[in-house]
Amino acid sequence: MRDILEFTRITLKQSTRLRAFYSAFVITLVSLIGLFVIYSFSMFEIPRILESYVLSYTNFIVLLMVFFTLFSLLQYDIDRKTLQYVIALPLRRRDYIVGRYLGIMCFSAIIAYGIIVLFYPFLILLMKQRPDAPFNVVRYFTYPLFLLAEVSLIISFALLFTTLSTKSIISVISTVGVYLIGHSLDEVKEFLLGGHAQEIPLFSKILVKGAWYIFPNLSLFDVKLRMVYNLQFSFEEALMIIIYGIGYTLAVLVITCALFERKEIL
Amino acid sequence: MYRSVEISSLTKYYKTKELGLKKFKALNNVSLSVDKGESFGLIGLNGAGKSTLIKLILGIIFPDAGEIRVMGELPGEILVKRKLSYLPENPSFYESLNAEEILNFIGRLRGFSGKDLNKRVREILDKVGLYAHRKKLLRKYSRGMLQRLGLAQAFIGNPELVILDEPLNGLDPLGRKMARDLIIEANKEGSTIFFTSHILEDIEKICSRVGILHKGELLKIVEAPELQEKPLEDIFLGVIEQQ
Amino acid sequence: MRRLIIILLSVTFIFVINLTIMPSLSRKHRNLKKEYIKLFFSPSFEKWSAFEWRTMKGFFHTVNLRVYLGKLREETPVLPPEAETVIVKATEVVSCINPYYYDIYYIANGFLTWDFGNVEMANKFLFKAIKYRPRDWFFYFLLGFNYFYFLKDYKKGGFYIKKAAEIRRSPFLSSLAARLMYASGRTEVAIQILRSMIKNAKEEGWRKSLSKRLKALERVLLIEKAVEQYRLKFHKNPRDINELVDKGLLKEIPEDPYGGIFYLDEDGMVKTTSNFTERFQRTP
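Residue numbers (my numbering), protein chains in the order written: chain A, 1 to 266; chain B, 1001 to 1243; chain C, 2001 to 2284.
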């Protein structure tokens, strides 16, 4: 456990020292201005569009930083072969996987909640000018949990692909692929198998259905509409979504650790 | 009482595209052993299999045939890794960290903490001449500085087995002397040294036994008496030319 | 020194091209952009390609639409027919991407009814709005208004305004719905709405005004019931309101609280010369 935490610390240190992280910080300050611009562009329900903007921006920056961080760290480990050295350290192979996962998760959580908290006073200030729609504070502050559940899956898949590939760029592209597929699954399945498309061959149907059962359904974690429009969202359903994310992540991490145990680091 | 390293009939293949997906024999039936407290050198031409052998000892890759035991255990076991250290050829550390952070990290993995760890880190940084640069990020380090850091992390905490792959690469003459002194001092204090190098002069000065690896085969083990009689270069060339 | 001069010259050059060439290029680009607004893909593709940023994509499409329509308005007071296609397409796309987005339904309804007379399409979008935002009284209200004003369907108009009134609990809306319902013949419902609304009315003056309307409607109902009885007995419409009194179905012609006189039209519908509007009375 101690070893995992040590490597988590190292990962977190590396992530926060990326140049991209400083750029993201500057961009966030600039995007505060965007909040005021959006405010002046909206017609009705100002609180909703402002909240949409903040949650969408948080989503965007966290994903961007996760992909950047993954690429940078994996580039070191795989391309520059630092991994060979790390494996020789007094660290279990699985500690490396878990430490990397926890480090990037902590990093993501810091960014997500940092943005949410930073924007909050400005949000309240502007909403007070035009309070023509309700704003649910609890939902606003719990949104990052769902984003982090999604990010958790992305990180675990990135680590899985690290184990399977020999070049960092392949890992990152594959992870982006999982992200795109994960978000498209529901739509594509509904469109192709819901009778909206013309007759499609059986093979395609099997492929789509198979993909639906294998790949993670990332669109479940996009709860922005529900948060912003205060739609029906029971505690049980919210919990199930988080559990789905955590459970799937655990499964992928276990597979990754198992594969990594006997991976030859050439 | 175990031996530090015990290798018997070790064979390792690599798959290469150049040979049309055929297997390339990197190591062929290698057997050797290194006793506790010994200073063992491994020499050979480029591509002889030195790095492969080291990776097998560390558990970074796995053998296709034969057996390895490191301090009585299988390579890669956490108990083994806690008692050994490794300096790779051309070390590449995480450049967004600084020397102090890396050494603190490794020290904590080796079980040290608090004031004891701080003291050890300070001492080793002093020995390798990096104390003044301890807060500088590694991306600003020169090749020689990285090598010194590599030595520092290899010797911090006096590990039982130290594995060094070309440890004197990239060092200036003063640096090489420092490195040699470090290695000899650690050996005197009981650490087993296993190191590879192209520079036979260094091997001669440090090692009590030398193995000659050529095209994946261990051709000869040169014992201490023979080392004192003839220059190592002559022994080495003689063995190679016989092949 | 030389490097400084080179840097300063380069910065000056950048300013110069931004002040000279760029503005005209930008104008041409913005004109082209007017064409781009028409380039929507299918709603489902737009929704898929928005991934997790549906709310913002919907917002930006709507802003683009507003800018496009605003520019068109500047050029010509009467919008061209192609603008209708753009509005319909944009609304289909945005309501698919984010069906909870308020602004798009409001804009679509405003333009489609008043500028293009396409009330059918406007109502189609309003029904979608109601499906996703069932607790918003305003879309029911707009629907009611569309039926009443544009389609002259008083019955449906009253029906939807009543729904809006129920959600909003607005006395004004209740009164309006009642008025429309009356025009469609649903006097009993109108009376019910007014009764409940009088109960909730807090202002004395407003309550008085509503009570007057209630009284008027109750009297209308009285006459309507008499007309119904006449029809059952004699299988035809009464000639005029006096006949109802003659036949003993009405004791007397009730007094219109608004100062008018009740009469029957050719279809036997109860009408009044005052038309239930409060005659404005000047106090000396």
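Just so you know, even glycine gets a beta-carbon here, dropped at the ideal spot from N, CA and C.
Nearest CB-CB separation between residue 2054 (chain C) and chain A: below the 8 angstroms threshold. The C-beta of residue 1194 (chain B) comes no closer than 8 angstroms to any C-beta of chain A. Contact between residue 1039 (chain B) and residue 1187 (chain B) holds: CB atoms are separated by about 5 angstroms, below the 8 angstroms threshold. With a threshold of 16 other beta carbon atoms within 10 Å, residue 29 (chain A) falls short and is exposed. For residue 228 (chain A), the enclosing alpha helix (DSSP H) starts and ends at 224 to 228. Taking a Cβ-Cβ threshold of 9 angstroms, none of the residues of chain A is close to residue 1002 (chain B); the smallest such distance is about 18 angstroms. Using a CB distance cut-off of 8 angstroms, residue 53 (chain A) counts as an interface residue toward chain C. Check the Cα spacing between residue 1176 (chain B) and each of B:1162, B:1078, B:1185 and B:1148: the tightest is with B:1148.
Counted as a single uninterrupted DSSP element, the stretch harbouring residue 1199 (chain B) is not any alpha helix (DSSP H), since DSSP gives it neither H nor E. The shortest C-alpha to C-alpha distance from residue 219 (chain A) to any of A:229, A:207, A:230 and A:242 is the one to A:242. Exclusion of the five residues before and after residue 1063 (chain B) leaves 1010, 1012 and 1056 as the residues of its chain whose Cβ lies within less than 6 angstroms of its Cβ. Ranking B:1126, B:1125 and B:1054 by CA distance to the CA of residue 85 (chain A) puts B:1054 first.
Proximity of chain C to residue 59 (chain A) at the Cβ level (cut-off 9 angstroms) is accounted for by 2052 and 2053, in chain order.
Under the DSSP assignment, residue 166 (chain A) falls outside any alpha helix (DSSP H); it carries neither an H nor an E label. Residues of chain A with a Cβ closer than 7 angstroms to the Cβ of residue 1088 (chain B) are, in chain order, 84 and 85. Interface residue (Cβ-Cβ distance to chain A less than 8 angstroms): residue 2124 (chain C) is not classified as such. In the three-state reduction of the DSSP assignment, residue 1004 (chain B) falls in the coil class. Our two residues, residue 131 (chain A) and residue 2210 (chain C), have alpha carbons roughly 31 angstroms apart in a direct line.
Residues of chain B with a Cβ closer than 9 angstroms to the Cβ of residue 265 (chain A) are, in chain order, 1055, 1060 and 1061. Using a Cβ-Cβ distance cut-off of 8 angstroms, the segment 173 to 181 of chain A and the segment 81 to 95 of chain A are not in contact, since fewer than three pairs of beta carbons, one from each stretch, lie closer than that value. Across the structure, residue 2070 (chain C) and residue 80 (chain A) are spaced so that their CA atoms are roughly 56 angstroms apart. Partner residues in the beta bridge of residue 1214 (chain B), as assigned by DSSP, are B:1217. Counting along the chain, residue 2270 (chain C) sits inside the beta strand (DSSP E) bounded by residues 2270 to 2272. Taking a 10 Å sphere around the C-beta of residue 2112 (chain C), we find 16 or more other C-beta atoms and assign the residue as buried.
Distance from the CA of residue 147 (chain A) to the CA of residue 1016 (chain B), rounded to the nearest whole angstrom, comes to 43 angstroms. Excluding the 5 residues flanking it on each side, residue 2099 (chain C) has same chain C-beta neighbours closer than 6 angstroms at 2132, in chain order.
For residue 1065 (chain B), the enclosing beta strand (DSSP E) starts and ends at 1065 to 1070.
Residue 1139 (chain B) has its alpha-carbon roughly 18 angstroms from the corresponding atom of residue 71 (chain A). For residue 1078 (chain B), the residues of chain A that pass the 7 angstroms Cβ criterion are 90 and 92, in the order they occur in the chain.
The CB of residue 205 (chain A) never comes closer than 8 angstroms to any CB in chain B; the least such distance is about 36 angstroms. Taking a C-beta distance under 8 angstroms as the contact criterion, residue 2090 (chain C) and residue 2040 (chain C) qualify as a contact pair.
Around the beta carbon of residue 266 (chain A), a 10 Å sphere encloses fewer than 16 other beta carbons of the protein chains shown; the residue is thus reported as exposed. DSSP, reduced to helix, strand and coil, places residue 1113 (chain B) outside both helices and strands of the structure shown, so it counts as coil. For the segment 44 to 81 of chain A, the full-length alpha helix (DSSP H) segments reaching 4 residues or more read 46 to 74 along the chain.
For residue 2240 (chain C), the number of other beta carbons within 10 angstroms of its own is below 16, and it is reported as exposed.
Listed along chain A is no residue with a C-beta nearer than 8 angstroms to that of residue 2093 (chain C); the closest approach is about 15 angstroms.
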